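One structure is given here, and the rest of the page talks about it.
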Amino acid sequence: MSLAHHSRPLAPLSAESRSLLEIADLLDLVCKTRREAGQAVSDEIELRAALFELLDGPTQQVWEQVRELALYPSNFPGLDTPSPLGFTVGDLAYDYGLGDVICPNRDQLLDMLRWGLKEHGNPTLNGNILA
602 MSLAHHSRPL
612 APLSAESRSL
622 LEIADLLDLV
632 CKTRREAGQA
642 VSDEIELRAA
652 LFELLDGPTQ
662 QVWEQVRELA
672 LYPSNFPGLD
682 TPSPLGFTVG
692 DLAYDYGLGD
702 VICPNRDQLL
712 DMLRWGLKEH
722 GNPTLNGNIL
732 A
């Protein structure tokens with residue numbers, strides 16, 4: 602007999618658990634895209650923590666701390682190397698059409714980060730492509 606025969610079915614995930622998994626997957630993809638673009642990984646832990654705090658409970662205070670963090674390297678036409686000034690969270694919000702002064706809500710932030718992944722790379726994780 603297999604173990605599956607004796608095991609109980611898994612309980613469905615709660616909405617909160619699904620939300621946390623979605624945030625974790627999105628942060629993994631952002632970090633993967635940064636690594637593939639040659640962005641320094643030395644600040645990855647701090648970036649993950651700051652973005653998680655923002656996505657888990659968006660507030661104006663957290664937004665003001667996080668919006669200046671560099672997400673991706675900036676590439677300007679005619680330059681062979683990326684600019685030392687990175688493309689920040691606030692830049693991404695502005696480019697997405699949200700503005701960079703008022704803190705967006707969670708859904709807007711998630712959509713913005715997904716859009717940013719499409720703009721700054723074609724990341725895959727475990728075979729899944731954001732489309």
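The numbering of the sequence shown is the numbering used here, which starts it at 602 and goes up by one.
From the three backbone atoms N, C-alpha and C, an ideal C-beta is built for every residue, glycine too.
Please read these numbers as outputs of a predicted model, since none were measured by experiment.
- With a contact defined as Cβ atoms closer than 8 Å, Gly658 and Leu693 miss out at about 19 Å.
- Of the other Cβ atoms in all chains shown, fewer than 16 fall within 10 Å of the Cβ of Arg619; this residue is therefore exposed.
- The DSSP-derived three-state label of Leu711 is helix.
- Note: Ser615 is not bridge-paired with any residue in the DSSP secondary-structure output.
- For Gln666 against Cys704, the beta-carbon gap comes to about 11 Å, at or over 8 Å, which does not count as contact.
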